[in-house]
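Q: Residue numbers (the working numbering), protein chains in the order written: chain A, 167 to 642; chain B, 355 to 414.
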Amino acid sequence: MDTTAQPQYDNGVVKYLTVGAIVFLVIGTFFGTFAASQLAWPALNFDIAEITFARLRVMHTNTVIFAFGGMTLMATAFYTVQRTNGVKLWSNSMAWWTAILFTIGLLLTVVSISLGMTTGKEYHEQEWPLAIAIAVVWTMYTFNFVMTIAIRNKETHSHVYVSNWFFLGMMIAITYLYVVNGLAIPVSLFRSYSMFAGVQDAMIQWWWGHNAVGFFLTAGFLAIMYYFVPKQAQRPIYSYRLSVIHFWALMFGYVWLGAHHLQYTALPDWTGSLGAVISLAMIIPSWGGALNGMLTLSGAWDRLRTDYILRFLIISLAFYAMSTFEGPVMAAKTVNALSHYTDWTVGHVHSGALGWVAMVSIGALYHMVMKLWKTEMYSMQLINFHFWLATIGTVFYIVAMWVSGIMQGLMWRAYDEYGTLAYTFAESVAAMHPYYAMRAFGGLLFFSGAVVMLYNVVMTIRMANARASKPVEATA
Amino acid sequence: MSSIEHYFSTDWSALTGQDWAGLIITVLVFVGMLITFSLALRPSKRKELEEQKHKILEDD
Ligand code: HEM
Numbered sequence: 167m168d169t170t171a172q173p174q175y176d177n178g179v180v181k182y183l184t185v186g187a188i189v190f191l192v193i194g195t196f197f198g199t200f201a202a203s204q205l206a207w208p209a210l211n212f213d214i215a216e217i218t219f220a221r222l223r224v225m226h227t228n229t230v231i232f233a234f235g236g237m238t239l240m241a242t243a244f245y246t247v248q249r250t251n252g253v254k255l256w257s258n259s260m261a262w263w264t265a266i267l268f269t270i271g272l273l274l275t276v277v278s279i280s281l282g283m284t285t286g287k288e289y290h291e292q293e294w295p296l297a298i299a300i301a302v303v304w305t306m307y308t309f310n311f312v313m314t315i316a317i318r319n320k321e322t323h324s325h326v327y328v329s330n331w332f333f334l335g336m337m338i339a340i341t342y343l344y345v346v347n348g349l350a351i352p353v354s355l356f357r358s359y360s361m362f363a364g365v366q367d368a369m370i371q372w373w374w375g376h377n378a379v380g381f382f383l384t385a386g387f388l389a390i391m392y393y394f395v396p397k398q399a400q401r402p403i404y405s406y407r408l409s410v411i412h413f414w415a416l417m418f419g420y421v422w423l424g425a426h427h428l429q430y431t432a433l434p435d436w437t438g439s440l441g442a443v444i445s446l447a448m449i450i451p452s453w454g455g456a457l458n459g460m461l462t463l464s465g466a467w468d469r470l471r472t473d474y475i476l477r478f479l480i481i482s483l484a485f486y487a488m489s490t491f492e493g494p495v496m497a498a499k500t501v502n503a504l505s506h507y508t509d510w511t512v513g514h515v516h517s518g519a520l521g522w523v524a525m526v527s528i529g530a531l532y533h534m535v536m537k538l539w540k541t542e543m544y545s546m547q548l549i550n551f552h553f554w555l556a557t558i559g560t561v562f563y564i565v566a567m568w569v570s571g572i573m574q575g576l577m578w579r580a581y582d583e584y585g586t587l588a589y590t591f592a593e594s595v596a597a598m599h600p601y602y603a604m605r606a607f608g609g610l611l612f613f614s615g616a617v618v619m620l621y622n623v624v625m626t627i628r629m630a631n632a633r634a635s636k637p638v639e640a641t642a
Numbered sequence: 355m356s357s358i359e360h361y362f363s364t365d366w367s368a369l370t371g372q373d374w375a376g377l378i379i380t381v382l383v384f385v386g387m388l389i390t391f392s393l394a395l396r397p398s399k400r401k402e403l404e405e406q407k408h409k410i411l412e413d414d
């Protein structure tokens, strides 16, 4: 192949976002582990308002979802859109502005939350000036992505590869969901009130909330899967047509699911039923997609023994399949009557968040580090070590939450022979202690894995930079 | 009326404008989904679509 015809890609901004994502993974999982430890040992809030559980929890969710997840999505979207379309970014400087403003916006979000400023809307806690700024930055990201596809050479790249569809679907959906859910009337610089009230507020909130999961944490990371699994496995995706079906089923289906968060509330009963039915239907495309990724390895499963990065990518698909089965089951009203408001939900969230989102991201980030700095990793053994820390940590976390969640649900609904509650709420809290300690331990393992990753990546970059500067010294 | 009939019976005259909007959107989305699925699964499209999966292996 004529390598001189290869275009140069804009890699600088992708490098910045890649390292940024890893740093935020460390910070976000530190907040998570700290929050988990506070639930097990409440004295750890040290009576400091800025780090009490109520604030720390939201600092955690914003750091892991938007800072770590968002930076991973930006890094991978800017990386893949150039390669799949054979062009540089439409605007490298706009990409840099997007990356820097996004970082500043998220740091301010975390600080403002720790100072107690919040809209009180889950996954949309930023007060209005920050929310507007983030929406503008997100639009810049989307616009640059779309324009990069638009300027591709349509002769050589007539078809747009499916990972771009997933990215674009995610970008468009998140823009309108975030903006509509955030509509509010400001009363001061740091205080606003939602335009919606009562059941409408609840419905809009979960229309956004579940789609933050469905589009941000699923469609976006599926884009990553559809590019990085074939690349790392060096084999084409098992079925391209299945990926197209997967895409459209997700786009048509996900927006209906939000109401399953509001079973047995003031919402009309049928909305919850609709949410549950479509949730169950989503098992089919989700499993189709997970199998599509896994079967890419068919005939080459032995690669998992030696390729630790591939292991991250493939185990993420196992967790994706598991949580897209568990979620619909929890959406069914009978199960929801037990699981809702309990730790089972938190366990479900983290089997998706740790097992799927974080693992697929980690696989893609390692892959990009090697490609961007044109080097081997400093230590493959450390990647293997990270893999086991992350996997065992995740298993500890979700098993602890399954047990504590189901136990909570059963304790809360137990009656004695006189029809009065068998347990007080405080008794159910006390019964959770061993499981909260176990979750904190799982979190510590997962967090340690993130630290190992950061160390390995920093050493890799130093090694690559030292190697790159050698010939210059030699000629000087 | 049997219980099944009762379950599925609808008082059409009671539907508000919003109910109709929701109903029409739901049906349109369903039809849209059927169309896209059949387009993607058309046997004549198979080769053309499956060819796309090889390109990314050569992009860097
Ligand atoms: C070391 C790893 C982690 C630990 C120890 C951890 C711990 C926690 C804790 C203690 C909570 C609060 C649960 C409660 O209110 O009872 C929480 C909530 C949450 N975390 Fe994590 N987390 C970790 C990683 C992640 C990651 C990587 C993501 C996403 C990519 C994530 C997403 C979430 C979400 C969405 C919630 C809110 C759940 C809900 O509202 O039900 N977490 N986490």
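For every residue, glycine included, the Cβ atom is placed at its ideal position computed from N, Cα and C. Source: prediction; values computed, not measured.
Taking residue 183 of chain A as the reference, which of A:211, A:200, A:209, A:245 has the closest Cα?
A: Looking at the Cα atoms, A:245 is the closest of the given residues.
Q: Since residue 397 of chain A meets chain B, which of its residues come closer than 9 Å, beta carbon to beta carbon?
A: Per Cβ cutoff of 9 Å: 410, 411, 413, 414.
Q: Report yes if the C-beta distance between residue 375 of chain A and residue 301 of chain A is below 9 Å; otherwise report no.
A: No, Cβ-Cβ distance for residue 375 of chain A and residue 301 of chain A is not below 9 Å.
Q: State buried or exposed for residue 357 of chain B, treating a residue as buried only when at least 16 other CB atoms are found within 10 Å of its CB.
A: Exposed, by the Cβ-count rule.
Q: Under 8 Å from any heavy atom of the ligand HEM, does the C-beta of residue 235 of chain A make it?
A: Yes; taking the cut-off as 8 Å, the Cβ of residue 235 of chain A has a heavy atom of the ligand HEM nearer than that.
Q: For residue 411 of chain A, go through chain B and note every residue whose CB falls closer than 9 Å to its CB, in chain order.
A: Within chain B, the residues near residue 411 of chain A are 390, 391, 394, 395.
Q: Taking 9 Å as the CB-CB cut-off, is residue 414 of chain A touching chain B?
A: Interface residue, yes.
Q: Taking the CB atoms as reference points, tell me whether residue 555 of chain A and residue 618 of chain A lie closer together than 9 Å.
A: Against a cut-off of 9 Å, the Cβ pair of residue 618 of chain A and residue 555 of chain A comes out as a contact.
Q: Rounded to a whole number of angstroms, what is the C-alpha to C-alpha distance between residue 289 of chain A and residue 588 of chain A?
A: Taking the straight line from one Cα to the other gives about 35 Å.
Q: Can you confirm whether residue 386 of chain A, when its beta carbon is compared against all beta carbons of chain B, has any partner nearer than 9 Å?
A: Output row for residue 386 of chain A: interface = no.
Q: Would you identify the three-state DSSP class for residue 355 of chain A, choosing helix, strand or coil?
A: Coil.
Q: So is residue 320 of chain A buried or exposed if we call it buried at 16+ other beta carbons inside 10 Å?
A: It is exposed - the Cβ of residue 320 of chain A has fewer than 16 other Cβ atoms within 10 Å.
Q: Identify the continuous alpha helix (DSSP H) that holds residue 517 of chain A and give its terminal residues.
A: Counting along the chain, residue 517 of chain A falls outside any alpha helix (DSSP H), and DSSP gives it neither H nor E.
Q: The ligand NAD and residue 273 of chain A: does the residue's C-beta get closer than 8 Å to at least one heavy atom of that ligand?
A: Absent from the structure shown: the ligand NAD. Ligands present: the ligand HEM.
Q: Please classify residue 580 of chain A: does DSSP put it in a helix, a strand, or coil?
A: Coil, per DSSP.
Q: Using 8 Å as the threshold, is the stretch 448 to 463 of chain A in touch with the stretch 391 to 408 of chain A, meaning 3 or more CB pairs across them?
A: The stretch 448 to 463 of chain A vs the stretch 391 to 408 of chain A: in contact.
Q: For residue 466 of chain A and residue 449 of chain A, what's the separation of their Cα atoms in angstroms?
A: Their Cα atoms are separated by approximately 27 Å.
Q: Considering only the beta carbon of each residue, do residue 390 of chain A and residue 517 of chain A sit closer than 9 Å?
A: The answer is no: Cβ separation not under 9 Å.
Q: Got a sec: is the Cβ-Cβ distance from residue 359 of chain B to anything in chain A below 9 Å?
A: It does not: the Cβ of residue 359 of chain B has no partner Cβ on chain A nearer than 9 Å.
Q: Taking the straight line between their C-alpha atoms, what separation do you get for residue 519 of chain A and residue 499 of chain A?
A: Residue 519 of chain A and residue 499 of chain A: Cα-Cα distance of roughly 24 Å.
Q: Within the same chain, show all residues whose beta-carbon is closer than 6 Å to that of residue 108 of chain A, passing over the 5 residues directly before and after it, in chain order.
A: The requested residue 108 of chain A is not part of the displayed model; chain A covers only 167 to 642.
Q: For residue 595 of chain A and chain B, any beta-carbon pair shorter than 9 Å?
A: Closer than 9 Å: no.
Q: Return the bridge partner residues of residue 339 of chain A from the DSSP annotation.
A: DSSP output for residue 339 of chain A lists no bridge partner at all.
Q: Express the C-alpha separation of residue 249 of chain A and residue 325 of chain A in angstroms, rounding to a whole number.
A: Each residue's alpha carbon lies about 13 Å from the other.
Q: Against chain A, which members of the stretch 365 to 376 of chain B pass a CB distance test of less than 7 Å?
A: Within the stretch 365 to 376 of chain B, no residue qualifies.
Q: Where residue 218 of chain A and residue 623 of chain A are concerned, what is the direct C-alpha to C-alpha distance, given to the nearest angstrom?
A: So the alpha carbons of these two residues sit roughly 32 Å apart.
Q: Of the choices A:180, A:202, A:197, whose alpha-carbon is the least far from that of residue 604 of chain A?
A: Nearest C-alpha to residue 604 of chain A: A:202.
Q: Counting only beta-carbon separations shorter than 9 Å, does residue 227 of chain A have a partner in chain B?
A: Chain B, which has no Cβ nearer than 9 Å to the Cβ of residue 227 of chain A, makes this no.
Q: Closer than 5 Å between the C-beta and any heavy atom of the ligand HEM: which residues qualify, listed along the chain?
A: Every residue passing the under-5 Å Cβ criterion appears here: A:195, A:198, A:199, A:201, A:202, A:223, A:227, A:230, A:511, A:512, A:515, A:519, A:523, A:524, A:609, A:612, A:613.
Q: Counting only beta-carbon atoms, is residue 400 of chain A nearer than 9 Å to chain B?
A: Judged by the 9 Å Cβ criterion, residue 400 of chain A is in contact with chain B.
Q: So what's residue 265 of chain A in DSSP terms, helix, strand or just coil?
A: DSSP places residue 265 of chain A in helix when its eight states are reduced to three.
Q: Counting beta carbon pairs with one atom in the stretch 543 to 553 of chain A and one in the stretch 493 to 510 of chain A, are three or more of them shorter than 8 Å?
A: The stretch 493 to 510 of chain A is not in contact with the stretch 543 to 553 of chain A.
Q: According to DSSP, residue 360 of chain A sits in a beta bridge with which residue or residues?
A: Bridge partners of residue 360 of chain A: A:350.
Q: On the DSSP letters alone, give me the boundaries of the alpha helix (DSSP H) that residue 364 of chain B sits inside.
A: Note, residue 364 of chain B: premise wrong, no alpha helix (DSSP H); not H, not E.
Q: How is residue 369 of chain B classed by DSSP in three states: helix, strand or coil?
A: Residue 369 of chain B: coil per DSSP, three-state reduction.
Q: Determine the chain A residues that contact residue 382 of chain B at a beta-carbon separation under 8 Å, and present them in chain order.
A: Simply none; closest approach about 10 Å.
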